[in-house]
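Chemist: Numbering follows UniProt numbering, with no gaps: position 462 of the sequence shown is 462.
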Amino acid sequence: MSSASPAPLLSEPSDELLGPASPGSPVPAKRTLDRSPSDRAGKRAKGRTNKSTWNEARGPYEERGEKARDASYHEIWYCKHCDSTKKPNSVTTNLSRARKHLRDFHGIRVIEHVERSDLKKQQHGTITDLFGRQEERQANRDLNEEKYLAIAINIPAFEEALARLLAVRNIAHTFIEYPEFHAVILSCNYMARDVLLRSRRAVPKLLKKTFAQHKQGLVKELHNSLSSMVHFTIDMWTSSEQKAAYQAIVVHFVDAETRGVAQALLSLREFKGSHNGKLQAKAFLEVVEEYDLRGKVGYFTMDNHDANDTMLDDIAKEIDGLDPVARRLRCSGHIMNLIVQAFLFRTIENAFARTTARQLQQVREHERNTLRSVINVDAFREAQMLLSAHRHLPLNFVTWPEYQALLTAVNPAVQEFLTDSGNTVAADLDRAYDAHQQSVKKWLEHARSLVHIAMDVWSSPQRKAYVAVHAQWVDEAYKPRKALLGLPNLRRSHAGAAMTPHLMEIIRKYHLAPRIGYFTGDNDAKNDTCLRQLAVGLSQEYGLTFDPVSSRTRCAGHIINLSLQAFLFATSEDALQAAIEQAQDEANDVTVSDALHDRIQSNTCQKSHGRRNKRNDTAGWRSIGPMGKLHNIAVFIRNSTVRNNAWDDIAGKALGIDNITRWNSWFKLLDAAISQEGPLSIFLNQYHEELEDDILTHDDWQVLKMTHEFLQPFYQATLEQQMEWASIDQVLENMDILFLQFENAKVKYVNNARMVNSVHMGWWVLSKYYEESDKNPIYATALLLHPEKRRRYLDRHWAEEWRQTAIAGARRHWAKYKDRPLSSDSAARLSNERREVTPYERIKQSMSVLDEPGDEDEFEKFVNSPPRHMTTNTPLEWWCREEQRIEYPRLHQMAIDILSVPAMSDDPERVFSCARRTISWDRARLSTDTIEKLQCLSNWVKNDLIRKLYVAIDDEIMVVAGDDDDIPDPSLLY
């Protein structure tokens, strides 16, 4: 054996890392660090994970030319127990393979206990809960069981099934990282850990490998076909938002094995720039050469586009004996739907069934019993349900042959637990929803604060309307919590009166009446109507007094966006007032932004049809100046794949486009345009004839840059209020910032009449809604309760009249809390303080210069104290700390009630985005009730409200997670 010394591993391990050197074996050299230039520049080294696996490694032998890292700078693992020239996988960058090598060749079983980030801990907790810490429980099982389980895993079949599942079902590559997916696999076979892919980056390699294997098989199938010719269907497709064009080529032939007609997708090639007939012909001929089909080209079925005739003419020039007229068939009903079922996967059910049968024949009866006994059926079904609820898979995904083959590949015995209907998942969904809903009720019952509601209405692509009711509160442990309480379907009417019955039903269901706080929504008039009706309902049913005005807070993001829209599009106060009045009429079902956008078109001419309508649209936008020109340019680029590709070639990244419903979209469009001024000028020069009226001049660019600078505070204010646990204390402060921006702009642009008018329009809207905040004292009270602001903020930035009104309102609000009995923990602390004191303590107390508790009003004491820096992220978190609860036993309750009010109704918006992914094309038939349950379960998982996971079978709750000694009451699901 060589006497070469291994180079160091890339961390500072203990002396135990390499183990004791055996006689005659190479002696490890002293460790030195081999770091990349970026590491040497001071980058913090990432802590090593998988330490147990690395404890079985040695350093590289430099004399043998071994490297510490590969070309991709991945650290290389060298087995310290064997010579790398004799054992497979003793040199690898894949630690799963390293552990498999240690187990198979050295009998060493390594279980890693990795310190994870908070996110990873939460995901790992989901897996652990799902299959009940099964891996730890199996640690002491006999080696025979592990052997049977390891042998049962068919790795080639697993990889094949996974590739098919991702490809055929159009599933995101991140699927392989989902904790729920890992839980499904591990609940079937806990030894399958090492076959799981850990990163989405491994998926392209897997798909490429699978594609190469099947492509060779397809070539043989085509050459062995029973027909002398193979036929083609060809079509072009433009992807969403006109960003790319693709040519699909499908071949049809008679299969020699099945003696039936088969088809296969040969190519789905992207075309950049033009995709005329000549270029399509060139692409087709390349595919013919690739599959060696020149002598078998038969008939072509295509639509009636002239480019197809040009394509066939060019193909006929290259292929002898091909008559472009006789071989051209016209498409009836666009048979391109055949693309959906590609040849590679046409026999998947039969192929996997044969594979499963062979696997089962290879294991003896007692081994089959072992395979069956390790399946955690409850966790298996719970994980399947969560894959559908949280990861937007169809309910019938459990019937997909690719999915079933994937499970069978890790444990053939799982076949008896597979289902042929999505109704099983739907039933599990119903039971899980009912069970977990009880958990959410318990969270709400033990809330320390009022329960606040953010709500909004959304119309789905399936023409159904939903109202999202999203709660926010402080829990028993003084931590902020959120939960979607309902997503009911609004039938027949979207009016406020139609929303109230759904809101009352949710209040009844979750027993919220005694804890109802504030309602946050946009400026739509139907929200006011809804709360007025709610006040009547709460009074009649619960005898509660609910003020629909002072309990109504407005979404700050909508206010800022409305002010921005007024700045961009409004021409006069009359126009603004008309737009606001139009939006206030519930029958119109339009927003102020909609009304302002409609006025842009009415400023030019009446709408007409076809191309003239498009010309009128661009003229209308052009009427608002350079911003309108930029809008037209963005639309021009987006509406053509050729132009989109031309822009991509010039700029290398998207320009984007404004959106009436998306906050900050105008600022982002401006930001992208200004940062790409050079590429945009080149593009405009290239298309100067088509964009003649929208060419941006030097003066236009100056206006765009001026507008971009002005809008930056609007952009940042919206982002600040969208941050996690942003609170209502930010609303008036951000309005103050924007008012200063308006005032400064009036002075700065005094000689620019158009800019001054735009500034005035934005200021007018912001001022209108600033005055609306006077109706609700909690806005100013939230500012006063901010430890870094207090009264000093009002004294410094507000007029005397405003200050007095705000403080008076806050004092009236404090009066509701001032004489409340202390909470149980505060009372307990006071009783301890009132114990019998010693003579020494009595004398010491008499000498104290501190104010006695109760001598000073808590509210006055706090707001009149100097502001001080917080050591927490939010004022709510500051007030939830024990020291504040002790010092302000009553004021802290008012503070957490107010500071837990959301500043925006962005949580319902996020629910709608999630629901849009749930209601995909292949799930369009989901009932509104099922959609609501799916969204609630997904939201509860996301917000960490489901602490233990259950599956209810035969009306009995079965605990999946936790030890047997720690099984809670089934009604307490957290």
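C-beta atoms are modelled at their ideal positions from N, C-alpha and C, and glycine is treated no differently.
Taking the beta carbon of Tyr840 as the centre, do at least 16 other beta carbons fall within 10 Å, making it buried, or is it exposed?
Modeler: It is exposed - the Cβ of Tyr840 has fewer than 16 other Cβ atoms within 10 Å.
Chemist: Could you give the C-beta distance for Gly496 and Gln533, rounded to a whole number, given that I count them as a contact under 8 Å?
Modeler: Between Gln533 and Gly496 the Cβ distance is about 7 Å, and since that is below 8 Å, they are a contact.
Chemist: Run through the DSSP bridge pairs and tell me what Asp235 is partnered with.
Modeler: In the DSSP output, where bridge partners are listed per residue, Asp235 has Ala248.
Chemist: Short of 6 Å in beta carbon distance, which residues of its chain neighbour Leu393, apart from the five on each side in sequence? Order them along the chain.
Modeler: These residues qualify, in order along the chain: Leu387.
Chemist: State buried or exposed for Leu785, treating a residue as buried only when at least 16 other CB atoms are found within 10 Å of its CB.
Modeler: Flag for Leu785 reads buried.
Chemist: First and last residue of the beta strand (DSSP E) that includes Met455?
Modeler: Taken as a continuous stretch (DSSP letters only), the beta strand (DSSP E) holding Met455 covers 451-459.
Chemist: Is Glu180 buried or exposed, if buried means 16 or more other CB atoms sit within 10 Å of its CB?
Modeler: Flag for Glu180 reads buried.
Chemist: So, does the segment 231-241 touch the segment 192-202, judging by three or more C-beta pairs under 8 Å?
Modeler: Flag = no, the segment 231-241 and the segment 192-202 do not touch.
Chemist: Can you confirm whether the segment 788-797 touches the segment 761-772 when touching is taken to mean that 3 or more C-beta pairs between the two stretches lie within less than 8 Å?
Modeler: Counting Cβ pairs under 8 Å, fewer than three are found: no touch.
Chemist: Answer yes if the segment 521-531 comes into contact with the segment 710-729, meaning at least three C-beta pairs across the two stretches below 8 Å, and no otherwise.
Modeler: Not touching, per the Cβ criterion.
Chemist: Buried or exposed: where does Met847 fall if 16 or more other Cβ atoms within 10 Å of its Cβ makes it buried?
Modeler: Exposed, since its Cβ has fewer than 16 Cβ neighbours within 10 Å.
Chemist: Distance, Cα to Cα, Gln437 vs Lys526?
Modeler: Answer to the nearest angstrom: the Cα atoms are 28 Å apart.
Chemist: Here's a check: name, in chain order, each residue in its chain whose Cβ is nearer than 7 Å to the Cβ of Val469, leaving out the five neighbours to either side.
Modeler: These residues qualify, in order along the chain: Ile453, Met455, Leu485, Gly486, Leu503, Ile506.
Chemist: Just checking my contact of Leu732 with Ser773 at CB under 8 Å: how many whole Å lie between their CB atoms?
Modeler: Between Ser773 and Leu732 the Cβ distance is about 7 Å, and since that is below 8 Å, they are a contact.
Chemist: Does Lys629 pass the burial test, meaning 16 or more other C-beta atoms within 10 Å, or should it be called exposed?
Modeler: So Lys629 counts as buried.
Chemist: Just reading off the beta strand (DSSP E) that Lys526 is part of, what are its end residues?
Modeler: Segment 525-542 is the alpha helix (DSSP H) holding Lys526; no beta strand (DSSP E) there.
Chemist: Would you call the segment 205-213 and the segment 394-405 in contact, with 3 or more CB pairs under 8 Å?
Modeler: Segments in contact, no.
Chemist: Just to confirm, is the Cβ distance from Leu669 to Gly656 under 7 Å?
Modeler: In this structure, Gly656 lies closer than 7 Å to Leu669 by Cβ.
Chemist: Between the Cα of Val288 and those of Asp309, Met302, His223, Val261, spot the shortest distance and give me the residue it belongs to.
Modeler: Nearest C-alpha to Val288: His223.
Chemist: Starting from Phe271, follow its DSSP beta bridges and name the residues at the other end.
Modeler: Per DSSP, Ala245.
Chemist: What three-state label does DSSP hand Val398 in the structure shown?
Modeler: Helix at Val398.
Chemist: Take Glu882 as the anchor and find which of Arg492, Ala477, Ala413 has the nearest alpha-carbon.
Modeler: Looking at the Cα atoms, Ala477 is the closest of the given residues.
Chemist: Assuming Thr781 and Gly809 make a contact with CB atoms under 8 Å, what is their CB distance in whole Å?
Modeler: That pair is a contact at about 7 Å.
Chemist: Going by alpha carbons, who is nearest to Leu822 out of Pro875, Pro867, Arg890?
Modeler: Leu822 has its Cα closest to that of Arg890, out of Pro875, Pro867, Arg890.
Chemist: Does DSSP classify Arg612 as helix, strand or coil?
Modeler: For Arg612, the predicted model reports a pLDDT of 44, less than 50, meaning its position is unreliable; a value from the coordinates is still stated below. Correct three-state label for Arg612: helix.
Chemist: Determine the direct distance from the alpha carbon of Ser640 to that of Arg97, and round the result to whole angstroms.
Modeler: Taking the straight line from one Cα to the other gives about 48 Å.
Chemist: Specify, as a first and last residue, the run of the alpha helix (DSSP H) that Thr707 falls within.
Modeler: Element bounds for Thr707: 698-722.
Chemist: Tell me whether the beta-carbon of Ala161 lies closer than 7 Å to the beta-carbon of Met191.
Modeler: No.
Chemist: Going by DSSP in three states, Trp473 sits in which element: helix, strand or coil?
Modeler: Note: Trp473 maps to strand in three-state DSSP.
Chemist: Going straight from the alpha carbon of Val377 to that of Ala432, what length do you get?
Modeler: Roughly 15 Å between the two C-alpha positions.
Chemist: Indicate the three-state DSSP secondary structure (helix, strand or coil) for Ile108 in the structure shown.
Modeler: Three-state DSSP puts Ile108 in coil, outside helix and strand.
Chemist: Where does the unbroken beta strand (DSSP E) through Cys79 begin, and where does it stop?
Modeler: 77-79 is the extent of the beta strand (DSSP E) around Cys79.
Chemist: Could you check if Pro626 is buried or exposed, using at least 16 other CB atoms within 10 Å of its CB as the buried criterion?
Modeler: Classification of Pro626: buried, given that the 10 Å Cβ count is 16 or more.
Chemist: In the DSSP assignment, what residue or residues form a beta bridge with Thr553?
Modeler: Thr553 is bridged to Thr520.
Chemist: Do you know offhand how far Tyr950's Cα is from Trp940's?
Modeler: Low local confidence applies: a pLDDT of 41 at Tyr950 is under 50, so the model's placement there is unreliable, with the coordinate-based value given in what follows. Roughly 14 Å between the two C-alpha positions.
Chemist: Look up Tyr299 in the DSSP assignment and say whether it is helix, strand or coil.
Modeler: Looking at Tyr299 - three-state DSSP - the assignment turns out to be strand.
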